[in-house]
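Numbering (my numbering), first residue to last: 53 to 415.
Following: one structure in structure tokens, then a few remarks.
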Amino acid sequence: QRYPIATQQPSVLLGYGAGAALAYAALAQAPPERFHAGLGVDFCPELPLQKPLCQGAAHLTAAARPDGKGVLLKPVARLPTTWFVFQNRPACAAEAAETLIKATPLARLTVLPGTEGVKTWLPQVSALLQWLDPGISQQAQPDASATGVPLIEIPIAGGPERPQLALMLSGDGGWALLDRAVTAELANNGLPTVGWDSLSYFWKARQPEETALDLERVLRHYLSLWKKSRIVLIGYSFGADVLPAIVNRLPQELRERIDLVVLLGLSDYASFEFNLSDWISDQPDKSDRPVRPELEKMSGLKRLCVYGAEEDGAACPKFADLGVIAEKMPGDHHFDEDYQGVARRILDRLPPLPATAATPVNK
Numbered sequence: 053q054r055y056p057i058a059t060q061q062p063s064v065l066l067g068y069g070a071g072a073a074l075a076y077a078a079l080a081q082a083p084p085e086r087f088h089a090g091l092g093v094d095f096c097p098e099l100p101l102q103k104p105l106c107q108g109a110a111h112l113t114a115a116a117r118p119d120g121k122g123v124l125l126k127p128v129a130r131l132p133t134t135w136f137v138f139q140n141r142p143a144c145a146a147e148a149a150e151t152l153i154k155a156t157p158l159a160r161l162t163v164l165p166g167t168e169g170v171k172t173w174l175p176q177v178s179a180l181l182q183w184l185d186p187g188i189s190q191q192a193q194p195d196a197s198a199t200g201v202p203l204i205e206i207p208i209a210g211g212p213e214r215p216q217l218a219l220m221l222s223g224d225g226g227w228a229l230l231d232r233a234v235t236a237e238l239a240n241n242g243l244p245t246v247g248w249d250s251l252s253y254f255w256k257a258r259q260p261e262e263t264a265l266d267l268e269r270v271l272r273h274y275l276s277l278w279k280k281s282r283i284v285l286i287g288y289s290f291g292a293d294v295l296p297a298i299v300n301r302l303p304q305e306l307r308e309r310i311d312l313v314v315l316l317g318l319s320d321y322a323s324f325e326f327n328l329s330d331w332i333s334d335q336p337d338k339s340d341r342p343v344r345p346e347l348e349k350m351s352g353l354k355r356l357c358v359y360g361a362e363e364d365g366a367a368c369p370k371f372a373d374l375g376v377i378a379e380k381m382p383g384d385h386h387f388d389e390d391y392q393g394v395a396r397r398i399l400d401r402l403p404p405l406p407a408t409a410a411t412p413v414n415k
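Here it is as structure tokens:
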């Protein structure tokens, strides 16, 4: 408060050891939108303070330590933004720290076994810091909509209105540039889209059946709200990998309304839980599910798989024998940022508009 803010963008609050406890307290005391995110390493729920803490927006409370050397922090009902915590070798009982973290909504715990200290946690902390972008409003806030899922609405912005709505599952970078650009182009061509933030949703482990129930609820909500009759499902990277298993668990009545399933940057395996190590290594985990068996079950659906010509080990061509339409684009996993080209390939595979299509929407 004492010094002028150097930027109009909120900061990322980082603390290590005792600093992690101080960062937690500051985050709890802060008003909404003061911090973009919080990040703690080797957190312990204690501070060597004698003066009482301000309760702040989250109603922070603490109890005196039995030895009189400071206070023991308590979980708050809600933090103003997400607090990422990496535990490797905290200076307190790990169970005590994890109890507070797990009891705090918007806390995201990652336990990192290892004995090398900084070398153990620095790669994952660095990967998270590279992803966090204060320029993206509410990037780290997995607040769910009324449907209970972190969603972004992209309404029609132009073009003849189509009978479909699209739903796009993002990659593990969250609702990022590719997702925003592709869905904006679809909206400009009469296809309203619901964005699904995979990073927020899959931060905790999910099951395909659970996710299919959530997808069913979202689709029914927006089919009614936007008065649509048909569906386009799109997944990018992480979102593409999990989409086949989810689609196969939808009710038959909804599956019959799907005009197209689009898989952008598909790989051979799907994970239903995000781990920060996924940003560092592409090696499948033992719990990952092979994609091929799920694609085999989707034989009655039109499936478009788009991949980059420079993408190492692109999976799309491997599934041509299953009737999957594989389309190659210039570039790597991000298609040389030709997001209009990605959107055009999706639109070209949709059923043609009727001759009496609605007049273009200009908003």
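Beta carbons are placed, not taken as given, at the ideal position from N, Cα and C, and that holds for glycine.
All of these numbers come straight from a predicted model, not from anything done at the bench.
Please name the residue or residues paired with residue i in a DSSP beta bridge.
{"i": "R341", "result": "A322"}
{"i": "W135", "result": "G90, A159"}
{"i": "A149", "result": "Answer is none; A149 lacks a bridge partner."}
{"i": "S63", "result": "F87"}
{"i": "V314", "result": "I286, L356"}
{"i": "Y68", "result": "V93"}
{"i": "I377", "result": "L356"}
{"i": "A26", "result": "It is not possible to answer for residue 26, since the shown part of the chain is limited to 53 through 415."}
{"i": "E98", "result": "L124"}
{"i": "L405", "result": "Answer is none; L405 lacks a bridge partner."}
Identify, in the order they occur along the chain, each residue of the same chain with its Cβ nearer than 6 Å to the Cβ of residue i, setting aside the five sequence neighbours on each side.
{"i": "L66", "result": "L91"}
{"i": "C368", "result": "L318, C357, Y359, A378"}
{"i": "G69", "result": "D94"}
{"i": "V314", "result": "I286, L356, I398"}
{"i": "F290", "result": "G223, D224, S250"}
{"i": "T263", "result": "I298"}
{"i": "A198", "result": "Model confidence at A198 stands at a pLDDT of 48, short of 50, so the residue's coordinates are unreliable and nothing is read from them."}
{"i": "I153", "result": "V137, A159, L161"}
{"i": "V234", "result": "Y391, V394, A395"}
So, at 7 Å on beta carbons, what are the nonlocal neighbours of residue i in its own chain, with the 5 sequence-adjacent residues on each side left out?
{"i": "E362", "result": "G383, D384"}
{"i": "L101", "result": "G122, V123"}
{"i": "P142", "result": "D94, F95, C96, A149"}
{"i": "A292", "result": "L315, L316, G317, L318"}
{"i": "H386", "result": "L230"}
{"i": "P296", "result": "V343, E346, L347, M350"}
{"i": "A372", "result": "A378"}
{"i": "R117", "result": "E98, V123, L124"}
By Cβ distance below 8 Å, which residues in the same chain neighbour residue i in space, the five residues on each side in sequence not counted?
{"i": "P406", "result": "none"}
{"i": "A129", "result": "A110, H111, P157"}
{"i": "Q259", "result": "F324"}
{"i": "F326", "result": "D224, S250, L251, F254, W255, F290"}
{"i": "V177", "result": "L91, V93, F138"}
{"i": "C106", "result": "Q81, L112"}
Under the three-state reduction of DSSP, which class applies to residue i: helix, strand or coil?
{"i": "G216", "result": "For clarity, residue 216 is Gln in the given sequence; the question names Gly instead. Q216: strand per DSSP, three-state reduction."}
{"i": "W248", "result": "strand"}
{"i": "P208", "result": "Per the sequence shown, the amino acid found at residue 208 is Ile instead of Pro. If DSSP states are grouped into helix, strand and coil, I208 belongs with coil."}
{"i": "G370", "result": "The question names Gly, yet the displayed sequence has Lys at residue 370. In the structure shown, K370 sits in a helix (DSSP, three-state: H, G or I)."}
{"i": "G166", "result": "coil"}
{"i": "G393", "result": "helix"}
{"i": "G291", "result": "helix"}
{"i": "E346", "result": "helix"}
{"i": "L203", "result": "strand"}
{"i": "L221", "result": "strand"}
{"i": "R307", "result": "helix"}
{"i": "S351", "result": "coil"}
{"i": "A82", "result": "coil"}
{"i": "L184", "result": "coil"}
{"i": "K154", "result": "helix"}
{"i": "L417", "result": "There is no way to answer for residue 417, as the model of the chain reaches only from 53 to 415."}
{"i": "L302", "result": "coil"}
{"i": "Q176", "result": "helix"}
{"i": "L74", "result": "helix"}
{"i": "K103", "result": "coil"}
{"i": "A109", "result": "coil"}
{"i": "A297", "result": "helix"}
{"i": "D388", "result": "helix"}
Under 8 Å, Cβ to Cβ, is there at least one residue of chain C near residue i?
{"i": "E85", "result": "The displayed structure is made up of one protein chain only, and chain C is not part of it."}
Pairs of beta-carbons, one from the region 276–287 and one from the region 206–218, closer than 8 Å: are there three or more?
yes
Are the region 288–303 and the region 345–364 touching by the rule of at least three beta carbon pairs closer than 8 Å?
yes
Three or more beta-carbon pairs under 8 Å between the region 390–397 and the region 230–240, yes or no?
yes
Taking 8 Å as the cut-off, does the region 73–85 touch the region 161–177 (at least 3 CB pairs, one atom from each stretch)?
no
Does the structure place the region 236–243 close enough to the region 210–225 that three or more beta carbon pairs sit under 8 Å?
yes
Quick one: complete alpha helix (DSSP H) runs, 4+ long, within the region 223–284?
229–240, 250–253, 260–277
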